[in-house]
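Participant: For reference, the structure I am asking about is given below.
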Amino acid sequence: MPANDSNPHAYDAGTPVQAVMSRDVLSVDADTTLGAAREQMRLAGVHHLLVYDRSRLVAVISDRDLLAHLSPRLGTMAEQRDDTSTLLRRVFQAASYQPVTIPCGATIAAAAAILLRHTISCAPVTDALGEVVGVLTSRDLLGALSRMAPERRAS
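Sequence positions in the sequence shown follow the working numbering and run 23 to 177.
This is the structure we're talking about:
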C-alpha cells in the first residue's frame, strides 16, 4: 500500500509483495541444457529462472549456478571442446532445489527478511494454493526501498 496519497508510487514496509514482484515468470524444464538456460537469461535480461519438472516447481537456477557449473574458459581463446561440452549439462544438475517461496500476502519487509535469512536473491511468490503468481528479487526490493516516502526511510 502506498505510504501516502501524494505519491502513489511510494511504498512502506507494509506494502504487499504483489505491488513490487515481477508477474512475468520465466521458467525452464529441468531437462533444458545449461546453454539454453544461459541464453534465455541473457535474452530476457534476468538472473534467475524457475525450474519445472512435469508442471511442478522444483528448483530455481541462477546465473551464479551457471557460473559454478560452466567452464570459465567458455568464449575465451583458451576454450577447448571439453569446455563447450559443459553447455550440454542439464539444468537439473545445477539448480538449487526446494526453493524458498514467499506467500503473496506477505509484506515487502517480511519478504526481505526471508531472502536475507536464506541468503537468496530470488524467490517465487505463491498464492494460497501454492501456485506461482510471480517472482520477487532483491532488485525488486531495492527498487521499492528507493521509492519509499522519505519520512518512512529514516524510521
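Positions of the beta carbon are idealized from the N, C-alpha and C atoms, including for glycine.
These figures come from a predicted structure and were not determined experimentally.
Would you list, in sequence order, the uninterrupted beta strand (DSSP E) runs of no fewer than 3 residues that lie entirely inside the segment 78 to 110?
Facilitator: Counting whole runs of 3 or more residues, the segment 78 to 110 contains the beta strand (DSSP E) stretches 78 to 84.
Participant: Could you tell me the distance, in whole angstroms, from the CA atom of A135 to the CA atom of H91?
Facilitator: Between A135 and H91, the C-alpha separation is close to 29 Å.
Participant: Runs of 4 residues minimum, wholly inside the segment 135 to 175: which ones carry the alpha helix (DSSP H) assignment?
Facilitator: Qualifying alpha helix (DSSP H) stretches, in chain order: 160 to 168 and 172 to 175.
Participant: Am I right that A133 and L158 are in contact with their C-beta atoms under 8 Å? What's the rounded C-beta distance?
Facilitator: Yes, they are in contact, since the Cβ atoms of A133 and L158 sit about 6 Å apart, within 8 Å.
Participant: Do L72 and V154 have their beta-carbon atoms positioned less than 8 Å apart in this structure?
Facilitator: In contact: V154 and L72 (Cβ atoms closer than 8 Å).
Participant: Within the continuous alpha helix (DSSP H) that includes L56, where are the two ends?
Facilitator: Start and end: L56 to A66.
Participant: Would you say A145 and T129 are within 8 Å of each other, going by their C-beta atoms?
Facilitator: In this structure, T129 does not lie closer than 8 Å to A145 by Cβ.
Participant: For G67, count the other beta carbons within 10 Å of its own beta carbon; 16 or more makes it buried, fewer makes it exposed. Which is it?
Facilitator: Exposed, because fewer than 16 other Cβ atoms sit within 10 Å of the Cβ of G67.
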